[in-house]
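Undergrad: Chains as they are written, first to last, in our numbering: chain A, 1 to 110; chain B, 1 to 113.
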Amino acid sequence: EDQVTQSPEALRLQEGESSSLNCSYTVSGLRGLFWYRQDPGKGPEFLFTLYSAGEEKEKERLKATLTKKESFLHITAPKPEDSATYLCAVQNTGGFKTIFGAGTRLFVKA
Amino acid sequence: EPEVTQTPSHQVTQMGQEVILRCVPISNHLYFYWYRQILGQKVEFLVSFYNNEISEKSEIFDDQFSVERPDGSNFTLKIRSTKLEDSAMYFCASRGQRDQPQHFGDGTRLSIL
Numbered sequence: 001e002d003q004v005t006q007s008p009e010a011l012r013l014q015e016g017e018s019s020s021l022n023c024s025y026t027v028s029g030l031r032g033l034f035w036y037r038q039d040p041g042k043g044p045e046f047l048f049t050l051y052s053a054g055e056e057k058e059k060e061r062l063k064a065t066l067t068k069k070e071s072f073l074h075i076t077a078p079k080p081e082d083s084a085t086y087l088c089a090v091q092n093t094g095g096f097k098t099i100f101g102a103g104t105r106l107f108v109k110a
Numbered sequence: 001e002p003e004v005t006q007t008p009s010h011q012v013t014q015m016g017q018e019v020i021l022r023c024v025p026i027s028n029h030l031y032f033y034w035y036r037q038i039l040g041q042k043v044e045f046l047v048s049f050y051n052n053e054i055s056e057k058s059e060i061f062d063d064q065f066s067v068e069r070p071d072g073s074n075f076t077l078k079i080r081s082t083k084l085e086d087s088a089m090y091f092c093a094s095r096g097q098r099d100q101p102q103h104f105g106d107g108t109r110l111s112i113l
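1. Applying the criterion that 16 or more other CB atoms from any shown protein chain within 10 Å of the CB defines a buried residue, is Tyr36 (chain A) buried or exposed?
2. Figure out for me which residue from B:Gln6, B:Ile20, B:Arg109, B:Ser9 has the closest Cα to the Cα of Gln64 (chain B).
3. Closest to Ser55 (chain B) by CA distance: which of B:Lys42, B:Glu44, B:Tyr33 is it?
4. Could you say which of B:Gln17, B:Pro25, B:Val12 lies nearest to Gln103 (chain B) if we only look at CA atoms?
5. Between which residues of its own chain and Arg98 (chain B) is the CB-CB distance below 7 angstroms, once the five residues before and five after are set aside?
6. What did DSSP end up calling Leu30 (chain B) once you bin it into helix, strand or coil?
7. Check the DSSP bridge columns for Met89 (chain B) and list the partner residues they point to.
8. Would you mind telling me which residues of chain A sit closer than 8 angstroms to His29 (chain B), beta carbon to beta carbon, in chain order?
9. Could you give the distance in angstroms between the alpha-carbon of Val67 (chain B) and the alpha-carbon of Gly40 (chain B)?
10. Report all residues from its chain with a CB closer than 7 angstroms to the CB of Ser19 (chain A); omit the five preceding and five following residues, and keep chain order.
11. Taking only the alpha-carbon atoms, compute the straight-line gap between Pro8 (chain B) and Thr108 (chain B) and give it to the nearest angstrom.
12. So which residues of chain B does Leu62 (chain A) contact, with C-beta pairs closer than 8 angstroms?
13. Can you tell me which of the three DSSP states Glu81 (chain A) falls into?
14. The segment 82 to 112 of chain B: which residues have C-beta closer than 7 angstroms to a C-beta of chain A, in chain order?
15. With Gly32 (chain A) as the anchor, note down where its beta strand (DSSP E) starts and where it stops.
16. Taking Cβ-Cβ distances below 8 angstroms as the criterion, which residues of the segment 43 to 59 of chain B are in contact with chain A?
17. With a 10 Å radius around its C-beta and 16 neighbouring C-beta atoms as the bar for buried, classify Tyr51 (chain A) as buried or exposed.
18. Is Arg12 (chain A) close to chain B? Criterion is C-beta to C-beta, closer than 8 angstroms.
19. Return the residues of the segment 24 to 44 of chain A that lie within a Cβ-Cβ distance of less than 7 angstroms from chain B, sorted by chain order.
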């Protein structure tokens, strides 16, 4: 059964304090791994898609990496506006559905 | 930038009543989805829709639920005989091609009394 586990559940950082979020996944065949940001009361906002091990994507202070078993979202010098829940999701090659992890709630204090 | 829009933003309904949640996906997208998120829990897949038919559904999506694309722009989720446990945020999403990311609306908060 396809599964996504994210850690930590919550992360509190000072502004400028870099860190990483982890996403471990089990999938029968990976079509794509997705990172989303979700603000309270809003829908998930797309950040990155990763397709194969070794791939990396960057956007501003965020960088996503992928191995055969996990993905990391690295946050460099975060700002308070980066505070949100970050969701990891996978889609397998056999189907249409996307399986989400429970997310990591990030709090960045000024 | 094109976006997915959902209406209403909040729906309050008596238990046992039927509700219809509405979505306007991004115009050139081909794949459509409904998800739900119970307060404090993860986003859960309900159903995917492609080429005017359901392509996949989860065990949550039982006979109580149905989806429809009545015209070229709307995509609806109907919940019959609502229960208290149907209270959740319901998200619609669409994507262009199968391996492209899904784009989500801001959801409809459904409250069953």
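The beta carbon of each residue, even a glycine, is placed where N, CA and C say it ideally should be.
TA: By the coordinates alone:
1. Taking the first residue of the first sequence as 1, we reach residue 36 (chain A) at position 36. That one is buried.
2. Residue 64 (chain B) sits at position 64 when you count from the first residue of the second sequence. Measuring from the Cα of Gln64 (chain B), the nearest candidate turns out to be B:Ile20.
3. In the second sequence, residue 55 (chain B) corresponds to position 55, counting from 1. Measuring from the Cα of Ser55 (chain B), the nearest candidate turns out to be B:Tyr33.
4. In the second sequence, the residue the question calls residue 103 (chain B) occupies position 103. Note on identity: in this sequence residue 103 (chain B) is His, with Gln being the wrong assignment. Out of B:Gln17, B:Pro25, B:Val12, B:Pro25 has the C-alpha closest to the C-alpha of His103 (chain B).
5. Your numbering for residue 98 (chain B) matches position 98 in the second sequence. Once the five neighbours on either side are set aside, the close Cβ partners of Arg98 (chain B) are Tyr31.
6. Within the second sequence, residue 30 (chain B) is the residue found at index 30, counting from 1. If DSSP states are grouped into helix, strand and coil, Leu30 (chain B) belongs with coil.
7. Along the second sequence, read from residue 1 onward, the residue named residue 89 (chain B) stands at position 89. In the DSSP output, where bridge partners are listed per residue, Met89 (chain B) has B:Gln37, B:Arg109.
8. Looking up residue 29 (chain B) in the second sequence gives position 29. Going along chain A, no residue has its Cβ under 8 angstroms from His29 (chain B), so there is no contact; the nearest lies around 13 angstroms.
9. As a working note, residue 67 (chain B) is residue 67 in the second sequence. As a working note, residue 40 (chain B) is residue 40 in the second sequence. Taking the straight line from one Cα to the other gives about 25 angstroms.
10. For the purposes of this step, residue 19 (chain A) is identified with residue 19 of the first sequence, where counting begins at 1. Excluding positions up to five away in sequence, the list reads Leu11, Leu13, Ile75.
11. Locating residue 8 (chain B) in the second sequence gives position 8, where the first residue counts as 1. Locating residue 108 (chain B) in the second sequence gives position 108, where the first residue counts as 1. Their backbone Cα atoms lie some 6 angstroms apart in a straight line.
12. Walking along the first sequence from the start, residue 62 (chain A) turns up at place 62. Here the premise fails: no neighbours, minimum Cβ distance about 15 angstroms.
13. Here residue 81 (chain A) refers to the residue found at position 81 when the first sequence is read from its first residue. Of the three classes helix, strand and coil, the one that applies to Glu81 (chain A) here is helix, per DSSP.
14. Phe91, Asp99, Pro101, Gln102, His103, Phe104, Gly105, Asp106, Gly107
15. On the first sequence, position 32 is the one that residue 32 (chain A) refers to. First-last of the beta strand (DSSP E) with Gly32 (chain A): 30 to 38.
16. Val43, Glu44, Phe45, Ser48, Tyr50, Ser55, Glu56, Ser58
17. Position 51 of the first sequence holds residue 51 (chain A). With fewer than 16 other Cβ atoms within 10 Å, it is exposed.
18. Residue mapping note: residue 12 (chain A) aligns to position 12 of the first sequence, counting from 1. No, Arg12 (chain A) does not count as interfacial toward chain B.
19. Arg31, Gly32, Phe34, Lys42, Gly43, Pro44
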